[in-house]
Ligand SMILES: C[S@@+](CC[C@H](N)C(=O)[O-])C[C@H]1O[C@@H](n2cnc3c(N)ncnc32)[C@H](O)[C@@H]1O
């Protein structure tokens, strides 16, 4: 069926051949499209699940700055109970994508407004926090992550404008309370990987 004007679909094939169909908008803010880091993280989750079956089943996941919701939706196809979060403007797009992919979900997925730096009291600390291309607000991580939370943060290295400084500052602040370990690229998905896209596994310092 033809899409409405201004809507275009990003398909992402899972290892079992099932297709995630993610609607994107041709106009709107940065969250209306799927970023490469989101694809890399989604496929990494799938690879981890293949390597360690049952890793995500029944586990609680919060995704920050979800945009279209693709990463959280992938986690919910792996059995996780996911809350995808973003600004108010992105809620309809995330809800549409959850609904359109609901047949593939073996866990659950709901959308919520979460603005970084604001209260996250109505969200309990999850087992996992996922972030793709969102390295701005380390205090939301401090509010949300317990000592048992595993944070998976995927980002594309950017060398232009203020980006290197934003990256440097984020990691400097993050390292006060958290330990970060880079996931080696040979552990990323064999096809969906790139030298300038990094995945970090982050946890609170003990
Ligand atoms: C570069 S996009 C990445 C979107 C998605 N994670 C992906 O990789 O496809 C950054 C996302 O952060 C969200 N964002 C920006 N500022 C935010 C804020 N103050 N609070 C919550 N989300 C925010 C945007 O709406 C957008 O969806």
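Numbering (the UniProt record's numbering), first residue to last: 1 to 206. For each residue, glycine too, the CB sits at the ideal point set by N, CA and C.
Buried or exposed by the 16-neighbour rule on C-beta atoms within 10 Å, applied to residue 196: exposed
Neighbourhood of residue 116 by C-beta distance below 6 Å, restricted to the same chain and skipping five residues each side: 137, 140
Alpha helix (DSSP H) runs contained entirely in the segment 141 to 174, provided each spans 4 or more residues: None, since the segment 141 to 174 contains no complete alpha helix (DSSP H) of that length.
Residues bridged to residue 86 [DSSP beta-bridge criterion]: 113
The segment 27 to 40 / the segment 104 to 115 touching (three or more Cβ pairs under 8 Å): no
Residue 208 versus residue 107 - alpha carbon distance: Residue 208 is absent from the structure shown; the chain starts at 1 and stops at 206.
Between the CA atoms of residue 70 and residue 39 - distance to the nearest angstrom: 8 Å
Collapsed DSSP secondary structure at residue 120 in the structure displayed: coil
Buried versus exposed call for residue 185 [16 or more other C-beta atoms within 10 Å across all chains shown]: exposed
Per-residue burial, residue 159 [other beta carbons within 10 Å of its own, 16 or more giving buried]: exposed
Beta-carbon gap between residue 199 and residue 183 smaller than 7 Å: yes
Closer than 6 Å: residue 34 CB and nearest ligand 1 heavy atom: yes
Residue 139 in three-state terms, based on DSSP: helix
Within 7 Å, strictly: CB atoms of residue 172 and residue 203: no
Contiguous beta strand (DSSP E) assignments of at least 3 residues, all confined to the segment 32 to 97: Residue ranges of uninterrupted beta strand (DSSP E) with 3 or more members, entirely inside the segment 32 to 97 and ordered along the chain, are 60 to 64, 81 to 86.
Three-pair Cβ contact test at 8 Å for the segment 51 to 63 versus the segment 74 to 87: yes
CA-to-CA distance, residue 191 to residue 201, given in whole angstroms: 20 Å
Given 8 Å, three or more beta-carbon pairs between the segment 144 to 151 and the segment 119 to 134: yes
Residue 177 to residue 142 span [Cα, whole Å]: Rounded to whole angstroms, the gap between the alpha carbons of residue 177 and residue 142 is 8 Å.
Through-space distance from residue 57 to residue 144, alpha-carbon basis: When rounded, the distance between both Cα atoms is 21 Å.
Supposed contact pair residue 51 and residue 133 - C-beta distance, whole angstroms, cut 8 Å: Incorrect: roughly 24 Å between the Cβ atoms, too far for contact.
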